[in-house]
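Undergrad: If you count by mature numbering (1 follows the signal peptide of the UniProt record, and there is no 0), then the sequence shown holds residues -19 to -1, 1 to 303, one letter each, in order.
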Amino acid sequence: MDLNLCTLYVSLWMRLCDASGFVRIWQYTSKSGKKNLLCEWQETRWRPEICPEDHITEGGSEFNQILASSCSLDGQRFITAGTDTNIRVYEISSRNLLGNCRSSYLHGRMDGHVRRITALKYHPRGVASPFYAHLFISGGWDDSIQIWDDRYEHSIWYCYKQQYFGPHVCGSDALDIEPEANHIITSSWRREDSILQVWLFNEDAVTNFFETGTKEPIRGSLSPAICQKNSDQHLMPLAEIVQSQFELPTSGYVARWLGTKFMLYGGSDENILKIIDKSTLNVSCLSSLCSSDLIITQAFIHFSYEIDVTREGGVLTIWSDT
């Protein structure tokens, strides 16, 4: 079971994601301990005219298989994604679907994902900055990391071969942002080369998008920013942590920043948990953990509702005990 837990920054809500395909909001601070169902809906698979194999063959179901979710740091929205390559944006207060973020599937443009999406992360600067409140990143099986604004249909950094290419992200915790330095960390499901990669968040692409892009709502077609050539510092990782030749290979599920000084890696095969010092690259390692699929989740208890997203069936459920 893949578990993804996150607190919503609204009145006592928490979102829970696991492997059965459901999304629920729970009220968890009630004295009575009772939970009442507020609403429920299903995410039907989206099938474009040009249909990647994930849309039809995986799971054999008409419903989306949900693999990842994230909550905006201003507490207004949350997003879900999975095998149908769509990212759905929901408003927390009304529980309405605001729109879909997805690829245009146009030749020569990479403005969204074309295979399953396995990780989502709202920018942590959104807790204090309205500019960052709508920004998030995503990763998956197409080996790209995309930058999005949840009000627009396509990814911001849209030019072909101008994304972060390389990370084969398989874990819902394999993507994170360190807000102070604005660094992205990724972990790849590969048994060779790098286990962790650090990238510089492309603020230039975001600025160019808002200065030159047509401000149309997510429901309409978007005329994205004029493509400007990005520097190598955005196209190549700033740093990479390679597999040790003295250890058995491990495949990455988890990449997390622990404050500003440490990086965390979790992987299967040897069930390894590593903590790496960012400045010295010294590594502390714990191996042979009990779970083959290691998932690390950070939860901050502020409120008393939960959203539960589960992998199978694509049903979204919201609970409350009021």
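Yeah, the Cβ is synthetic: ideal placement off N, Cα and C, and Gly gets one too.
(1) Under 8 Å: do the region 152 to 163 and the region 99 to 107 share three or more Cβ pairs, one atom per stretch?
(2) Can you give the Cα-Cα distance for Gln226 and Gln23, rounded to whole angstroms?
(3) Considering only their Cβ atoms, is the gap separating Ser169 from Ser148 smaller than 8 Å?
(4) For Ser260, collect the residues of the same chain with a Cβ closer than 8 Å to its Cβ; drop the 5 residues on either side in sequence, then sort them by chain order.
(5) Inspect the beta-carbon positions of Ile126 and Thr167 and report whether they are closer than 8 Å.
(6) In or out: Ala186 buried (at least 16 other Cβ within 10 Å) or exposed?
(7) Can you tell me the Cβ-Cβ gap for Ile68 and Asn81, rounded? I've got them flagged as a contact below 8 Å.
(8) In terms of DSSP beta bridges, what is Ile47 paired with?
(9) With hydrogens ignored, establish whether the beta-carbon of Ile253 is closer than 7 Å to any heavy atom of the ligand PLP.
(10) Under 8 Å by Cβ, that's how I've got residue 304 and Gly107 pegged, so tell me the actual separation to the nearest angstrom.
(11) Tell me the rounded alpha-carbon separation between Leu254 and Leu245.
(12) So, with DSSP's three-state summary, where would you put Val108?
(13) Within the same chain, show all residues whose beta-carbon is closer than 7 Å to that of Ala114, passing over the 5 residues directly before and after it, in chain order.
(14) Within its chain, find whatever has a CB closer than 8 Å to the CB of Ser51; leave out the 5 residues flanking it on each side and keep chain order.
(15) Would Asn77 and Thr64 be called neighbours here (beta carbons separated by less than 8 Å)?
(16) Measure the C-alpha to C-alpha separation of Thr188 and Ile256 and round it to an integer number of angstroms.
(17) With respect to the beta strand (DSSP E) encompassing Val70, which residues constitute its N-terminal and C-terminal limits?
(18) Taking the C-alpha atoms as reference points, what is the distance between Gly248 and Tyr234?
(19) Can you tell me the Cα-Cα spacing of Pro111 and Cys20, whole angstroms?
(20) Helix, strand or coil, according to DSSP, for Thr188 in the structure here?
(21) So, at 7 Å on beta carbons, what are the nonlocal neighbours of Asp250 in its own chain, with the 5 sequence-adjacent residues on each side left out?
(22) Enumerate in chain order the residues of its own chain whose CB-to-CB distance from Ser265 is below 6 Å, with the five nearest sequence positions on each side excluded.
(23) Does the Cβ of Ser75 have 16 or more other Cβ atoms within 10 Å, making it buried, or fewer, making it exposed?
(24) What is the residue span of the beta strand (DSSP E) that Gln178 lies within?
(25) How would you write the range of the beta strand (DSSP E) that Gln127 sits in, first residue to last?
(26) On a Cα-Cα basis, can you pick out the residue from Leu48, His164, Arg96 and Ser175 that is closest to Glu184?
(27) What's the C-alpha gap between Leu79 and Asn263?
TA: Checking against the coordinates, here is how it stands:
(1) Enough Cβ pairs lie closer than 8 Å, so yes.
(2) Between the alpha carbons of Gln226 and Gln23 lies a distance of about 46 Å.
(3) Position check: residue 148 holds Pro in this sequence, whereas Ser was assumed. A contact, by the Cβ cut-off of 8 Å.
(4) Here Ser260 has Lys242 as same chain residues with Cβ atoms under 8 Å from its own Cβ, once five neighbours each way along the sequence are excluded.
(5) yes
(6) buried
(7) 7 Å
(8) Gly63
(9) Among the components of this structure there are no ligands whatsoever, and the ligand PLP is therefore not found.
(10) With the chain covering -19 to 303 only, the question about residue 304 has no answer from this structure.
(11) 7 Å
(12) helix
(13) Sequence-distant partners of Ala114 (beyond 5 residues in either direction) whose C-beta falls short of 7 Å from its own C-beta, in its chain, are Ser53, Leu54, Asp55 and Gly107.
(14) Cys(-14), Phe59, Ile60, Leu101, Lys102, Tyr103 and Phe117
(15) no
(16) 33 Å
(17) Ile68 to Glu72
(18) 5 Å
(19) 29 Å
(20) helix
(21) Leu229, Pro230, Thr231 and Ser232
(22) So the qualifying residues of the chain are Ile256.
(23) So Ser75 ends up on the exposed side.
(24) Element bounds for Gln178: Ser175 to Leu181.
(25) Counting along the chain, the beta strand (DSSP E) containing Gln127 begins and ends at Ser125 to Asp130.
(26) His164
(27) 44 Å
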